[in-house]
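Colleague: If you scroll down you'll find the structure; I have some questions about it.
In our numbering, the protein residues as written are 1 to 267.
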């Protein structure tokens, strides 16, 4: 049996998304199946790494490309973190608790607005999966994704709150993350560059250097290369991992980000 090339698989993805454009949503497993085959056929072997705990930055960056119909593949410490979402399932009316729980299967804390003029813009969900070196699924779960915006929002600027039900032992924090304790909850702050790249992108020496320093996160699956400046805060409470991600709102400070986390914790 002849194996399909990465080019053929990517063509299938394009055709599939075009065929499904008018539908409310696509079957959950379709994205995982197609992209998983791409990853397993990838001769560069960016999946060939030791198993370990999932870095929280991987969880954060996985949501960066999940703004429209897309698939994001990020090399994680224990395999590949694959995340998919569709703008077709996006809700622009502030959701009730029942809607959120029915959508993702659990009820995270969330708010309608944050200080600084950020107001609720949309709610959606992502299908997430970790694939190991052998291509087998080791974790599959959904995350609740809330997006906020300001009146002066520009292209590539957004603020998002994500919540995912996951075992705390699966999460590993970066050494350069700054920790603050609030009401017995550890809040981790970090800033980094996120680089969205095509599937066949080859890492440069500078990429490898910045990755090793915890200053860069690379996500595979974009049409073209783009870079964004990210700030994030993350914490874990009651079986749920939370993260607030700020893309290119450069006037938002570290203290502002931590205040947002506290607002959710106090909800």
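All residues carry an ideal CB built from backbone N, CA and C; glycine is no exception.
Here the structure is a predicted model, which means the values were calculated and not measured.
Checking 7 Å against the spacing of the C-beta atoms, do residue 147 and residue 126 come in under that value?
Modeller: no
Colleague: Applying the criterion that 16 or more other CB atoms from any shown protein chain within 10 Å of the CB defines a buried residue, is residue 219 buried or exposed?
Modeller: buried
Colleague: Which residue from 262, 93 and 85 puts its Cα closest to that of residue 182?
Modeller: The residue with the shortest Cα to Cα distance from residue 182 is 262.
Colleague: Which residue from 162, 171 and 265 puts its Cα closest to that of residue 100?
Modeller: 162
Colleague: Tell me, please, whether the segment 162-171 touches the segment 225-245 by the rule of three or more beta-carbon pairs shorter than 8 Å.
Modeller: Yes, the segment 162-171 is in contact with the segment 225-245.
Colleague: Which of helix, strand or coil does DSSP assign to residue 264?
Modeller: helix
Colleague: Is DSSP giving residue 229 helix, strand or coil here?
Modeller: strand
Colleague: Tell me whether residue 208 is buried or exposed, calling it buried when 16 or more other Cβ atoms sit within 10 Å of its Cβ.
Modeller: Result: exposed.
Colleague: Secondary structure at residue 212, three-state DSSP: helix, strand or coil?
Modeller: helix
Colleague: Answer with buried or exposed for residue 115, where buried requires no fewer than 16 other C-beta atoms within 10 angstroms of its C-beta.
Modeller: exposed
Colleague: Is it right to say residue 258 is buried, meaning 16 or more other beta carbons lie within 10 angstroms of its own, or is it exposed?
Modeller: Looking at its Cβ environment, which holds 16 or more other Cβ atoms inside 10 Å, residue 258 is buried.
Colleague: Quick check on DSSP: helix, strand or coil for residue 107?
Modeller: coil
Colleague: If you reduce the DSSP assignment to three classes, tell me which class residue 186 lands in.
Modeller: In the three-state DSSP reduction, residue 186 falls in the strand class (E or B).
Colleague: Pick from 128, 215, 178 and 152: whose alpha carbon is nearest that of residue 227?
Modeller: 215
Colleague: In the DSSP output, which residue or residues are listed as bridge partners for residue 217?
Modeller: 194
Colleague: If residue 124 sits next to residue 142, beta carbons under 8 Å apart, how far is it from one beta carbon to the other, in whole angstroms?
Modeller: Incorrect: roughly 10 Å between the Cβ atoms, too far for contact.
Colleague: Measuring straight from C-alpha to C-alpha, what distance separates residue 180 and residue 187?
Modeller: 5 Å
Colleague: Label residue 253 either buried or exposed according to how many other C-beta atoms from any shown protein chain fall within 10 Å of its C-beta, with 16 as the threshold for buried.
Modeller: exposed
Colleague: Quick one: using the 10 Å Cβ neighbour count with 16 as the cut-off for buried, is residue 267 buried or exposed?
Modeller: exposed
Colleague: Could you tell me the boundaries of the beta strand (DSSP E) in which residue 268 lies?
Modeller: This structure leaves residue 268 out entirely; the chain is present only between 1 and 267.
Colleague: How would you write the range of the beta strand (DSSP E) that residue 245 sits in, first residue to last?
Modeller: 240-247
Colleague: Quick check on residue 89: does DSSP put it in helix, strand or coil?
Modeller: helix
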